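Using numbering that gives the first Met the number 0, the letters of the sequence shown map in sequence onto residues 0 to 355. Don't be surprised by glycine CBs; every beta carbon is placed ideally from N, CA and C. The structure presented is a predicted model; accordingly, all values stated were derived computationally and were not measured. Structure record follows, encoded as structure tokens.
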Amino acid sequence: MSGRLEKLRVELEKIGAEAFITEKPENRLYLSGFSGSTGSVVVTADQAFLVTDFRYVEQAAEQAPDFVIVNNERKAVEAIANLLKEQRVSRLAFESSVSFQTYQDWSKAFADVELLPTNGLVEKIRMYKDEAEMVIIREAVRIAEAAFEHIQGYIRPGVREIDVAMELEFFMRKQGATGSAFDMIVASGPRGALPHGRATEKVIQAGEMVTMDFGAAFQGYNSDITRTVSVGEPHPKMREIYDVVLRAQLAGLQALQPGNTCKAADAATRDLITQAGYGDAYGHSAGHGLGLEVHELPHVSAASQFVLEPGMLVTMEPGIYITGLGGVRIEDDVLITADGHEVLNKTTKELLILPV
Numbered sequence: 000m001s002g003r004l005e006k007l008r009v010e011l012e013k014i015g016a017e018a019f020i021t022e023k024p025e026n027r028l029y030l031s032g033f034s035g036s037t038g039s040v041v042v043t044a045d046q047a048f049l050v051t052d053f054r055y056v057e058q059a060a061e062q063a064p065d066f067v068i069v070n071n072e073r074k075a076v077e078a079i080a081n082l083l084k085e086q087r088v089s090r091l092a093f094e095s096s097v098s099f100q101t102y103q104d105w106s107k108a109f110a111d112v113e114l115l116p117t118n119g120l121v122e123k124i125r126m127y128k129d130e131a132e133m134v135i136i137r138e139a140v141r142i143a144e145a146a147f148e149h150i151q152g153y154i155r156p157g158v159r160e161i162d163v164a165m166e167l168e169f170f171m172r173k174q175g176a177t178g179s180a181f182d183m184i185v186a187s188g189p190r191g192a193l194p195h196g197r198a199t200e201k202v203i204q205a206g207e208m209v210t211m212d213f214g215a216a217f218q219g220y221n222s223d224i225t226r227t228v229s230v231g232e233p234h235p236k237m238r239e240i241y242d243v244v245l246r247a248q249l250a251g252l253q254a255l256q257p258g259n260t261c262k263a264a265d266a267a268t269r270d271l272i273t274q275a276g277y278g279d280a281y282g283h284s285a286g287h288g289l290g291l292e293v294h295e296l297p298h299v300s301a302a303s304q305f306v307l308e309p310g311m312l313v314t315m316e317p318g319i320y321i322t323g324l325g326g327v328r329i330e331d332d333v334l335i336t337a338d339g340h341e342v343l344n345k346t347t348k349e350l351l352i353l354p355v
């Protein structure tokens with residue numbers, strides 16, 4: 000974790016801060032390795048502290064060897080205040096996403112410290128995945144892909160969407176996942192027109208297409224895959240839409256090159272779908288960063304100012320959604336490399352027609 004701390008210290012020096020504090024679980028894990036549910040990370044120019052309570056002291060010492068572990072015997076805010084005083088911190092950077100109550104508590108407890116709000120300080124460092132992170136993420140992808148292969152033999156007419164979702168999660172947990180990366184989407188038939196159609200008790204019918212958007216949570220990291228399959232022969236219009244989305248997704252993947260902009264990658268999918276006559280049916284961005292959070296930097300959207308660089312991990316997931324008919328989305332997880340990109344997902348994207 001020391002390399003991550005040094006990168007953070009460089010950013011702190013740029014803004015004239017003497018220390019940084021975070022309680023955000025993802026940033027706490029990223030900087031320290033500590034996976035407990037409670038704790039404050041404080042990083043100064045030459046030291047790093049993890050303030051937590053008696054429940055986690057032993058775990059913290061094991062998981063965060065680069066940190067001085069501080070047991071807040073009473074209130075955490077008092078322990079942090081004492082720590083800042085001991086370290087003679089006068090300018091403390093914090094994340095502007097903290098609650099107003101937390102800000103008030105800190106303002107009162109750290110009376111002699113100037114609080115400097117920041118936005119995305121750690122998140123911008125997190126955009127670039129290191130080898131240790133990629134080992135974990137690849138396993139998260141493998142688990143989700145195995146679940147997709149498994150579910151193909153489970154989906155049939157008469158099965159509810161919620162049954163599919165539960166089977167996916169149960170299988171991923173058996174494969175080693177700590178759970179689902181997010182509240183998964185299983186949308187069949189006309190419900191496929193809902194980009195975020197959570198699984199319901201709707202019964203899947205023959206001739207319907209089923210969109211499944213899910214991922215595995217593994218050691219703090221996430222995968223995110225979307226595949227759309229047909230239960231029996233699909234409606235001709237849906238087959239046409241599937242072909243357009245697949246071509247758009249492949250075009251988007253081709254645009255994921257170092258030096259290219261996220262905006263251009265989004266445009267590669269949007270232009271093709273628009274030219275096919277479905278521009279109004281594609282209302283979301285082409286993708287997003289992926290890692291400790293399911294949605295993180297960089298954004299792959301029409302408004303994104305990010306330039307793709309090696310080490311970034313993003314999704315590519317265009318879709319078309321037709322009210323009353325259904326929808327199609329296809330999504331892969333993609334690592335930007337020095338000479339192009341690597342699609343982590345290996346499962347087929349050709350239209351699968353499952354037996355009825």
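Looking at the DSSP output, Ser106 bridges to nothing. Between Ile203 and the set Ala176, His195, Thr260, Val228, the nearest pair of CA atoms involves Val228.
A contact is defined here as three or more CB-CB pairs under 8 Å, and the segment 306-314 fails this definition with respect to the segment 93-109. Apart from sequence neighbours up to five positions away, the residues of its chain that approach Pro116 with a beta-carbon distance below 7 Å are Phe93, Ser95, ordered along the chain.
Boundaries of the beta strand (DSSP E) around Met211: 208-213.
Partner residues in the beta bridge of Val313, as assigned by DSSP, are Gly288, Val333. Residue burial annotation: Glu57 is exposed, with fewer than 16 other C-beta atoms found within 10 angstroms of its C-beta. Counting the other CB atoms within 10 Å of its CB gives Val134 a total below 16, which places it among the exposed residues. The three-state reading of DSSP puts Pro189 in helix, counting H, G and I together. Judged by pairs of C-beta atoms under 8 Å, the segment 286-301 does not touch the segment 228-247, as fewer than three such pairs exist.
Of Val355, Ala215, Arg125, the smallest CA-CA separation from Val230 is found for Val355. Here the segment 150-165 does not lie against the segment 125-142, with fewer than 3 beta-carbon pairs under 8 Å apart. Assigned with DSSP and collapsed to three states, Ile184 falls in strand. Here Phe48 carries a strand assignment [DSSP, helix/strand/coil]. At least 7 Å separates the beta-carbon of Val50 from that of Asn81. Distance from the CA atom of Asp182 to the CA atom of Leu114, rounded to whole angstroms, is 36 Å.
In its chain, beyond the 5 residues on either side, Arg159, Glu160, Ile161 have a beta carbon closer than 8 Å to the beta carbon of Glu200. Assignment of Glu130 by DSSP, reduced to helix, strand and coil, places it in the helix class. Taking C-beta separations shorter than 7 Å and ignoring five residues to either side along the sequence, the partners of Phe53 in its chain run Asn70, following chain order.
Relative to the Cα of Met0, the nearest Cα in the group Thr225, Glu12, Gly288, Val42 belongs to Val42. For Asn118, no beta strand (DSSP E) run applies, since DSSP gives it neither H nor E. Approximately 6 Å separates the beta-carbon atoms of Tyr320 and Pro194; this is inside 8 Å, confirming the contact. The bridge partners DSSP lists for Val299 are Gly286. Leu343 sits away from Thr314, with the two beta carbons spaced by 7 Å or more. Taking Val163 as the centre and dropping the five residues before and after it, the same chain places the C-beta of Ile150, Tyr153, Ile154, Val185, Ala198, Ile203, Val209, Met211 closer than 8 Å to its C-beta, in chain order.
About 5 Å separates the Cβ atoms of Ser179 and Glu168, confirming a contact at the 8 Å cut-off.
Met171 places its beta carbon 7 Å or farther from that of Ile124. The beta carbons of Leu291 and Tyr29 sit about 6 Å from each other, so the pair counts as a contact at 8 Å.
Contact annotation, Phe217 with Ala139: C-beta distance approximately 4 Å; criterion of less than 8 Å satisfied. The residue among Phe99, Lys74, Leu353, Val112 with its C-alpha nearest the C-alpha of Val88 is Val112. Val327 and Arg269 have their C-alpha atoms spaced approximately 14 Å apart.
The beta carbon of Thr21 is closer than 8 Å to those of Arg27, Leu30, Ser39, Val40, Phe93, Glu94, Val121 in its chain, skipping five residues each way along the sequence.
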